[in-house]
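Asks: Heads up: the sequence shown at position 105 corresponds to 105 in full-length UniProt numbering, and the numbers run straight through without jumps. The C-beta atom is built at its ideal place from N, Cα and C for all residues, glycine as well. Since the model is a prediction, treat every value here as computed from it, not as a measurement. Pasting a structure below so you can have a look.
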Amino acid sequence: MTVARIALVTGANQGLGFALVEGLAARMEPDDLVLLTGRNAQRVTDAVSLVAKAPGTRSRVEGRVLDVTDAPAVDRLATELRTRYGGVDIVVSNASALLTPDRSQAEQADEFIDVANGGAHAVLRSFGPVLRPGGRLIVVASSLGTLGHLDPRFHHLFDGASLDEVEEAVESWRAAIRAGTSEELGWPHWINVPSKVAQVAAVRAVAAERRATDLDRNTLVAAVCPGLVDTPLSRPWFPDFSQAQTPAEAATAVLDLLLAEKVDPATYGELVRFGKVVPWQEGRPPGHQERLLAE
Numbered sequence: 001m002t003v004a005r006i007a008l009v010t011g012a013n014q015g016l017g018f019a020l021v022e023g024l025a026a027r028m029e030p031d032d033l034v035l036l037t038g039r040n041a042q043r044v045t046d047a048v049s050l051v052a053k054a055p056g057t058r059s060r061v062e063g064r065v066l067d068v069t070d071a072p073a074v075d076r077l078a079t080e081l082r083t084r085y086g087g088v089d090i091v092v093s094n095a096s097a098l099l100t101p102d103r104s105q106a107e108q109a110d111e112f113i114d115v116a117n118g119g120a121h122a123v124l125r126s127f128g129p130v131l132r133p134g135g136r137l138i139v140v141a142s143s144l145g146t147l148g149h150l151d152p153r154f155h156h157l158f159d160g161a162s163l164d165e166v167e168e169a170v171e172s173w174r175a176a177i178r179a180g181t182s183e184e185l186g187w188p189h190w191i192n193v194p195s196k197v198a199q200v201a202a203v204r205a206v207a208a209e210r211r212a213t214d215l216d217r218n219t220l221v222a223a224v225c226p227g228l229v230d231t232p233l234s235r236p237w238f239p240d241f242s243q244a245q246t247p248a249e250a251a252t253a254v255l256d257l258l259l260a261e262k263v264d265p266a267t268y269g270e271l272v273r274f275g276k277v278v279p280w281q282e283g284r285p286p287g288h289q290e291r292l293l294a295e
């Protein structure tokens with residue numbers, strides 16, 4: 001079967017990732033292919049079945065088992081799509097690990113960092129080179145992913161850094177968590193903060209190398225903040241969900257960015273929230289109470 005465009009979403013069994021697959025399948029064309037990926041084969045199969053049966057689905061949807069912490073597996077999938085289809089048109093790095101308040105941050109740090117940061121790095125490294133002209137490569141982050149949310153002592157680790165340097169900074173932070181010295185050194189208690197900053201820094205690093213060529217080809221590399229979304233990942237941390245979006249609601253602005261006919265150069269390499277750029281220098285280091293209320 002001829003495939004016009006290919007979209008791929010990681011961490012798509014549930015929540016925002018699932019809503020993005022639903023939205024892509026409804027808004028793309030019948031000759032297009034949407035790949036729903038996740039770590040658990042049965043959940044992937046079940047999720048694909050739900051999307052395929054949805055009344056608004058137009059595009060073909062297929063499931064792929066993909067653990068984003070396995071960088072060689074991510075690279076194999078990217079290579080397969082390049083070999084079979086000549087590349088990919090839309091890639092959304094959305095996978096994240098559950099972070100709960102009933103366990104210590106240090107106890108959960110390795111898995112969380114491996115998925116959120118290691119996974120994003122693997123997707124950027126492997127799918128960037130196979131992104132076709134006119135493509136979109138997006139990392140789902142949050143408004144916590146701005147430099148101002150870190151102590152100024154750490155700004156140089158992420159500002160203007162290469163992807164290799166971002167990875168080194170993440171590993172330095174991880175080592176401090178393991179040693180029990182991270183907060184003493186000035187890292188935020190809530191590990192989601194440095195993780196999101198590093199995600200956006202990784203996007204900025206890749207975008208800095210590709211900007212001129214990508215903009216000539218109407219191609220976008222960016223990070224997105226979907227806002228507060230009512231999901232199992234966010235529920236444990238927020239006492240009031242009255243203003244939270246459903247995953248389908250949160251997916252709308254992200255889908256608009258992914259499917260826009262023309263790339264706005266102002267959004268290239270930036271963190272985008274509801275179509276607006278969130279300044280890289282914005283924010284301030286969160287205190288004990290603030291971290292539970294930050295979006």
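Using three-state DSSP, classify residue 297 as helix, strand or coil.
Replies: Residue 297 is absent from the model: the chain starts at 1 and stops at 295.
Asks: Name the one or two DSSP bridge partners that Thr-37 has.
Replies: Residue 37 sits at position 37 when you count from the first residue of the sequence shown. Answer by DSSP bridge pairing, in chain order: Arg-64.
Asks: How do the segment 108 to 119 and the segment 48 to 64 stand: do at least 3 beta-carbon pairs fall below 8 Å, yes or no?
Replies: No: the two stretches stay apart, fewer than three of their Cβ pairs being nearer than 8 Å.
Asks: Mapping DSSP to helix, strand and coil, what is Ala-294?
Replies: As a working mapping, residue 294 is identified with position 294 in the sequence shown. Low per-residue confidence applies at Ala-294: pLDDT is 39, beneath 50, and the placement is therefore not dependable, though the value from the model is reported in the following sentence. In this structure, Ala-294 counts as coil in the three-state DSSP scheme.
Asks: Hey, quick one: how far does the beta strand (DSSP E) through Val-91 stretch, first residue to last?
Replies: If you number the sequence shown from 1, residue 91 lands on position 91. Counting along the chain, the beta strand (DSSP E) containing Val-91 begins and ends at 88 to 93.
Asks: If you count every other CB in all the chains shown that lies within 10 Å of the CB of Glu-290, and 16 or more means buried, which is it?
Replies: Against the sequence shown, residue 290 aligns to sequence position 290. Residue placement at Glu-290 cannot be trusted, given a pLDDT of 44 that sits under 50; what the coordinates show is reported in the next sentence. Flag for Glu-290 reads exposed.
Asks: Helix or strand or just coil, what does DSSP make of Ile-191?
Replies: Within the sequence shown, residue 191 is the residue found at index 191, counting from 1. Ile-191 falls in the coil class under three-state DSSP.
Asks: Under three-state DSSP, which class holds Val-130?
Replies: Counting from one through the sequence shown, the residue named residue 130 turns up at place 130. Helix, per DSSP.
Asks: Using C-beta distances below 6 Å, list every residue in its chain close to Gly-17, excluding the 5 sequence neighbours before and after it, in chain order.
Replies: As a first step, residue 17 is located in the sequence shown; it is residue number 17 there, counting from the start. Excluding sequence neighbours, Gly-17 sits near Val-9, Gly-11 and Asn-94.
Asks: When DSSP labels each residue in this structure, what does Ala-12 get in the three-state scheme?
Replies: Here residue 12 is taken as the residue at index 12 of the sequence shown, counted from 1. Reduced to three states, the DSSP call for Ala-12 is coil.
Asks: I need the boundaries of the alpha helix (DSSP H) containing Ala-78, first residue and last residue.
Replies: Walking along the sequence shown from the start, residue 78 turns up at place 78. Start and end: 71 to 85.
Asks: Tell me the rounded alpha-carbon separation between Ala-260 and Arg-5.
Replies: For the purposes of this step, residue 260 is taken as residue 260 along the sequence shown, with counting starting at 1. For the purposes of this step, residue 5 is taken as residue 5 along the sequence shown, with counting starting at 1. Rounded to whole angstroms, Ala-260 to Arg-5 spans 14 Å at the Cα level.
Asks: With a 10 Å radius around its C-beta and 16 neighbouring C-beta atoms as the bar for buried, classify Lys-196 as buried or exposed.
Replies: The residue you call residue 196 lines up with position 196 of the sequence shown. The residue is buried, with at least 16 neighbouring Cβ atoms inside 10 Å.
Asks: Per DSSP, Ala-273 is paired with what?
Replies: As a first step, residue 273 is located in the sequence shown; it is residue number 273 there, counting from the start. Residue identity differs from the one stated: residue 273 is Arg in this sequence, not Ala. Answer by DSSP bridge pairing, in chain order: Cys-225 and Lys-276.
Asks: Below 8 Å on the Cβ atoms is my guess for Leu-220 versus Val-263; work out the distance and round it to an integer in Å.
Replies: Reading the sequence shown from its first residue, position 220 is the one you call residue 220. Reading the sequence shown from its first residue, position 263 is the one you call residue 263. Leu-220 to Val-263, Cβ: 5 Å. Contact.
Asks: Per DSSP, which one or two residues make a beta bridge with Ile-138?
Replies: As a working mapping, residue 138 is identified with position 138 in the sequence shown. BP columns for Ile-138 point to Val-92 and Ala-222.
Asks: Measure the C-alpha to C-alpha separation of Val-88 and Arg-132 and round it to an integer number of angstroms.
Replies: Position 88 of the sequence shown, counted from the first residue, corresponds to residue 88. Position 132 of the sequence shown, counted from the first residue, corresponds to residue 132. The straight-line gap from Cα to Cα measures roughly 6 Å.
Asks: Determine the burial state of Arg-204: buried for a count of at least 16 other Cβ atoms within 10 Å of its Cβ, exposed for fewer.
Replies: Mapped onto the sequence shown, residue 204 falls at position 204. Per the 10 Å Cβ criterion, buried.
Asks: Please identify the residue among Gly-118, Asn-13, Asp-32 and Val-48 whose C-alpha is closest to the C-alpha of Val-139.
Replies: As a working mapping, residue 139 is identified with position 139 in the sequence shown. Considering only alpha carbons, the answer is Gly-118.
Asks: Using three-state DSSP, classify Ala-97 as helix, strand or coil.
Replies: The count along the sequence shown starts at 1 and reaches residue 97 at position 97. Correct three-state label for Ala-97: coil.
Asks: For the pair the segment 13 to 28 and the segment 239 to 249, tell me if three or more CB-CB distances fall below 8 Å.
Replies: Touching, yes, given that three or more Cβ pairs across the two stretches are closer than 8 Å.
Asks: My assumption, with CB atoms under 8 Å, is that Met-28 sits in contact with Ala-7. Please give the rounded CB distance.
Replies: Translated into the one-based positions of the sequence shown, residue 28 becomes position 28. Translated into the one-based positions of the sequence shown, residue 7 becomes position 7. Confirmed, about 7 Å.
Asks: Between the Cα of Val-206 and the Cα atoms of Leu-150, Phe-241, Arg-125 and Ala-47, which residue gives the shortest distance?
Replies: To locate residue 206, count along the sequence shown from 1; it is residue 206. The residue with the shortest Cα to Cα distance from Val-206 is Arg-125.
Asks: Count the other CB atoms, across all protein chains shown, that sit within 10 Å of the CB of Phe-158; report buried if there are 16 or more and exposed otherwise.
Replies: The residue labelled residue 158 in the question sits at position 158 within the sequence shown. Buried.
Asks: Can you list, in chain order, the residues of its chain whose CB lies under 7 Å from that of Trp-173, leaving out five sequence neighbours each side?
Replies: Here the question's residue 173 lines up with position 173 in the sequence shown. Excluding residues within five positions, the ones whose Cβ falls inside 7 Å are Ser-182, Trp-187 and Pro-194.
Asks: Quick one, are the C-beta atoms of Val-200 and Leu-137 less than 7 Å apart?
Replies: Here residue 200 refers to the residue found at position 200 when the sequence shown is read from its first residue. Here residue 137 refers to the residue found at position 137 when the sequence shown is read from its first residue. No, the Cβ-Cβ distance between Val-200 and Leu-137 is not below 7 Å.
Asks: Considering just the uninterrupted stretch of the alpha helix (DSSP H) at Asp-164, what are its terminal residues?
Replies: Taking the sequence shown and counting its residues from 1, one reaches residue 164 at position 164. Segment 163 to 179, the alpha helix (DSSP H) holding Asp-164.
Asks: Just mark Ser-143 as buried or exposed, buried being the case when its beta carbon has 16 or more other beta carbons within 10 Å.
Replies: The residue you call residue 143 lines up with position 143 of the sequence shown. Counting Cβ neighbours within 10 Å, Ser-143 comes out buried, since at least 16 surround it.
Asks: Helix, strand or coil for Gln-245? Go by DSSP, reduced to three states.
Replies: As a position in the sequence shown, residue 245 is number 245, starting the count at 1. Strand.
Asks: In the DSSP assignment, what are the bridge partners of Ala-7?
Replies: For the purposes of this step, residue 7 is taken as the residue at position 7 of the sequence shown. Ala-7 is bridged to Val-34 and Ile-90.
Asks: Suppose contacts are defined by Cβ-Cβ distances below 7 Å. Is Val-130 in contact with Ala-73 by that definition?
Replies: In the sequence shown, residue 130 corresponds to position 130, counting from 1. In the sequence shown, residue 73 corresponds to position 73, counting from 1. In this structure, Ala-73 does not lie closer than 7 Å to Val-130 by Cβ.
Asks: Closer than 6 Å by C-beta to Gly-145: which residues in its own chain qualify, once you throw out the five before and the five after it? Chain order, please.
Replies: Along the sequence shown, read from residue 1 onward, the residue named residue 145 stands at position 145. Excluding sequence neighbours, Gly-145 sits near Lys-196, Val-197, Gln-199, Val-200 and Leu-271.
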